[in-house]
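S.K.: Mind looking over this structure? Questions follow.
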Amino acid sequence: MTSERLEQVLAGAEASLSEMRAVAKALRVPLSSLMDREAAEPIKMLFRQTLDQRAVEVSSHVDVLSGQVRDALAIARGMPSNLNWLEAFNGLEAKYEAAEIYAQRFRETFAALDDKEPFQHLSQALNELGVFVLFSRDSSIEGVSAIVDGYALMILGARRFKPRLLFTMGHELGHLVAHHDKKGGYAHLDQVVDIDESHGRSEERFADAFASALLLPRAGVLLTIQALREQFSIRGPLGDFEICWLAHIYGASFEVAAKRCEDMKLIPSRGARAFYQKILESHKNPEQWAQELGIPERPDIPVSPSTALLRAAALKVKAGEISVGRAAELLNVPVSSLYFANSEIRA
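Mapped onto the numbering used here, the consecutive letters of the sequence shown carry residue numbers 6 to 352.
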């Protein structure tokens with residue numbers, strides 16, 4: 006489209022279907038999000054009712070993400086609610102000081118983990134609970150958590166560095182468990198999940214503390230550090246060597262592992278930032294430093310879209326209710342994912 010024609014459409018001129026498809030492709034959103042704005046409005050309101058979500062700079066993100074939530078719910082229609090698991094947190098108040106209790110309860114109840122084991126299969130645990138996990142159409146967004154129409158959803162920004170993605174999952178899960186009593190509706194977007202930048206915001210501090218305790222349980226951290234120091238004959242204060250190992254063992258980034266040690270008072274206040282800056286100056290990044298130390302390469306951390314939603318979409322395609330291309334567009338997944346889900350249904 007020429008800039009003149011685009012200005013005409015923006016001013017209210019009727020656009021052709023091909024022009025609308027061109028706009029949708031350029032914005033990387035489904036065509037339906039441009040042609041059916043009313044249906045997403047209640048979901049937009051949920052986002053905007055959340056603290057700090059009224060700012061003008063998040064409006065465009067809210068439009069895309071509320072549309073994505075609506076599209077996921079279109080596939081979910083007819084499925085049973087997936088909120089029952091949240092009842093495990095009834096009676097708990099979502100305060101920063103209680104984040105560790107929440108995390109321990111989730112690990113024990115839904116992953117059968119003790120207080121020492123790594124938790125790198127969080128994506129699988131969420132799938133087993135039926136939480137709808139999808140990848141965001143808006144690549145600038147880190148994560149979204151929502152409870153809408155009786156369903157819990159999580160939308161993640163696709164990231165190559167899986168430890169970052171794992172922490173974001175834990176962070177968004179923290180928002181969901183914190184709002185376990187808001188079954189009438191809740192939606193929140195995180196433009197950035199930065200464990201070192203959320204000290205003044207209680208909801209973000211809780212979600213960060215929950216994710217840290219979920220992935221790096223206190224007893225496991227202490228035992229791992231003790232074993233490392235004995236094995237490598239380390240004396241004196243805790244250093245970046247042990248933290249680097251800790252991060253790799255538990256599937257966390259160096260920053261998250263260091264901040265966990267700081268919160269546990271194993272290193273001084275602001276020590277996590279100091280260690281990170283030192284590594285950046287001397288070794289480019291923590292992963293490069295780990296390689297120089299001879300720490301084994303990280304195993305892959307599996308993160309996948311909701312199995313329940315993929316199967317529901319495959320069933321709708323099989324029944325002729327929707328085309329496979331349209332289903333893939335609604336869930337923001339490759340068509341191959343739906344073919345695989347269909348093959349599992351047949352099996």
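Built from N, CA and C at the ideal position, the CB exists for glycine as well.
1. Is it buried or exposed, Ser274, if we count other Cβ atoms within 10 angstroms and call 16 or more buried?
2. Can you give me the C-alpha to C-alpha distance between Met50 and Tyr191, rounded to a whole angstrom?
3. Alpha helix (DSSP H) containing Asp213: first to last residue?
4. Could you round the C-beta distance between His176 and Ala212 to whole angstroms and report it? I think they count as a contact, below 8 Å.
5. Which value, in whole angstroms, describes the spacing of the CA atoms of Gln58 and Thr312?
6. Using a Cβ-Cβ cutoff of less than 7 Å, which residues in the same chain neighbour Ala99 once the five nearest sequence positions on both sides are dropped?
7. In this structure, how does DSSP classify Gly148 when only helix, strand and coil are distinguished?
8. State buried or exposed for Pro301, treating a residue as buried only when at least 16 other CB atoms are found within 10 Å of its CB.
9. Return helix, strand or coil for His193, following the three-state DSSP convention.
10. Classify Ala104 as helix, strand or coil using the three-state DSSP reduction.
11. Among Leu320, Asp120, Leu170, Trp250, which residue has its Cα nearest to the Cα of Gln296?
12. If you reduce the DSSP assignment to three classes, tell me which class Met159 lands in.
13. Quick check on this structure: which residue in Pro307, Ser328, Val322, Ser348 has the alpha carbon closest to the alpha carbon of Val138?
14. State the CB to CB distance for the pair Leu285 and Phe246, rounded to an integer number of angstroms; the pair is presumed to be in contact (CB under 8 Å).
15. Taking just the CA atoms, how far does Lys323 sit from Pro47?
16. Less than 8 Å between the C-beta atoms of Ile254 and Thr229, yes or no?
M.R.: Let me spell this out:
1. exposed
2. 9 Å
3. 207-220
4. 5 Å
5. At Gln58, the pLDDT of 46 sits below 50, so the modelled position is not reliable; the number obtained from the coordinates is stated separately. Taking the straight line joining both Cα atoms gives about 30 Å.
6. Ala183, Phe211
7. strand
8. exposed
9. strand
10. helix
11. Trp250
12. strand
13. Pro307
14. Going by Cβ atoms, the distance from Leu285 to Phe246 rounds to 16 Å, so no, they are not a contact pair.
15. 30 Å
16. yes
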